[in-house]
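J.: First, the structure itself, so that you have it in front of you.
Numbering (the UniProt record's numbering), first residue to last: 1 to 266.
Below, the structure is given as structure tokens:
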């Protein structure tokens, strides 16, 4: 006998609460998922949710139990791959780290009608749409610096003995290339702008390799580059790993101004 409740309908009238055989409470939660390439435009689903259920868990449940055609991107459940970015209740988020019950509790705290409340999920904007919640990330990578170094010295293991075969411990940059910052940036939707992810990558590269400044800074010294930023700060607010792209853009602006002053251009 299965420990999970069954749901063979996309349109259950009202969410319910009950317990599994193990005694763990289960909540039936309604989802409203964008299906823009389809005639109905939106899919309505009711999903059994436990306390630990994430949004990607819920989407997988829908795909396995209700609609095999549902399209969304994800790589794994460890929360750092960056491929499962989407817009959840009008906020950019990673599906793998978004706990469904947190969204339910937020709605209840805001006074939402429990019978009509639905978690709304849409694909990231400013990127080419592939289907349902899946987008093409090419727009994200278009303006990353060529041959960028994705490693940096690790802050961990300081003072520890380094094995003879390496010169030091390294780690990946914090940016997981999820695209949330690009999707949330109002400027990207208004005009041609390199975007916060690419500009942050330029600043990281210039910081780690100052010898490339003469090559890289001119590429972002334009209205399409750092001077196109209107300082909405949305990119930094949605970044799940604390990269704060807006900070990197300001640092690039300062480096460009300093370089021009030193060369007598200002």
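We treat Cβ as the ideally placed atom computed from N, Cα and C, and that holds for glycine.
Taking DSSP's pairing of strands, which residues face residue 136 in a bridge?
T.: Answer is 128.
J.: What separation, rounded to the nearest whole angstrom, lies between the Cα atoms of residue 149 and residue 178?
T.: When rounded, the distance between both Cα atoms is 18 Å.
J.: Would a C-beta distance cut-off of 8 Å place residue 95 and residue 55 closer than the cut-off?
T.: A contact, by the Cβ cut-off of 8 Å.
J.: Under 8 Å: do the segment 194-214 and the segment 163-172 share three or more Cβ pairs, one atom per stretch?
T.: Contact fails: fewer than three Cβ-Cβ distances are below 8 Å.
J.: I need the boundaries of the beta strand (DSSP E) containing residue 61, first residue and last residue.
T.: Counting along the chain, residue 61 falls outside any beta strand (DSSP E), though it belongs to the alpha helix (DSSP H) covering 55-65.
J.: Select from 26, 212, 245 the residue whose C-alpha is nearest the C-alpha of residue 145.
T.: Nearest of 26, 212, 245 to residue 145, Cα basis: 212.
J.: In chain order, what are the residue ranges of uninterrupted beta strand (DSSP E) at least 3 long that sit wholly in the UniProt domain "2Fe-2S ferredoxin-type" (27-125)?
T.: As far as the UniProt domain "2Fe-2S ferredoxin-type" (27-125) is concerned, its whole beta strand (DSSP E) runs of at least 3 residues are 41-49, 85-88, 91-94, 119-122.
J.: Give the C-beta separation of residue 181 and residue 229 to the nearest angstrom, bearing in mind that I take them to be a contact with Cβ-Cβ under 8 Å.
T.: With 8 Å as the limit, residue 181 and residue 229 do not qualify as a contact, their Cβ atoms being about 12 Å apart.
J.: For residue 278, report the span of its alpha helix (DSSP H) as first-last.
T.: Limits of the chain in this structure are 1 at one end and 266 at the other, which puts residue 278 out of reach.
J.: Taking the continuous beta strand (DSSP E) assigned at residue 152, which residues delimit it?
T.: First-last of the beta strand (DSSP E) with residue 152: 151-153.
J.: Nearest by alpha-carbon distance to residue 76: which of 85, 189, 68, 69 is it?
T.: Here the closest residue by C-alpha is 85.
J.: By the three-class DSSP mapping on this structure, what secondary structure does residue 261 have?
T.: DSSP places residue 261 in helix when its eight states are reduced to three.
J.: Mind checking which residues open and close the alpha helix (DSSP H) that includes residue 171?
T.: No alpha helix (DSSP H) holds residue 171; the beta strand (DSSP E) holding it covers 170-172.
J.: If you draw a straight line from the alpha carbon of residue 234 to that of residue 244, how long is it in whole angstroms?
T.: Roughly 9 Å separates the two Cα atoms.
J.: Could you tell me the boundaries of the alpha helix (DSSP H) in which residue 189 lies?
T.: Counting along the chain, the alpha helix (DSSP H) containing residue 189 begins and ends at 186-190.
J.: For the alpha helix (DSSP H) that residue 299 lies in, which residues bound it at each end?
T.: Past the boundaries of the shown model lies residue 299; the chain is included only from 1 to 266, so the question cannot be answered.
J.: Look up residue 145 in the DSSP assignment and say whether it is helix, strand or coil.
T.: Of the three classes helix, strand and coil, the one that applies to residue 145 here is coil, per DSSP.
J.: Could you tell me the alpha carbon to alpha carbon distance between residue 49 and residue 242, rounded to whole angstroms?
T.: Approximately 29 Å between the Cα atoms of the pair.
J.: DSSP state of residue 245, grouped into three classes?
T.: DSSP places residue 245 in helix when its eight states are reduced to three.
J.: Evaluate the contact criterion for the segment 113-123 versus the segment 33-48: three or more CB pairs, one atom per stretch, below 8 Å.
T.: Yes, the segment 113-123 is in contact with the segment 33-48.
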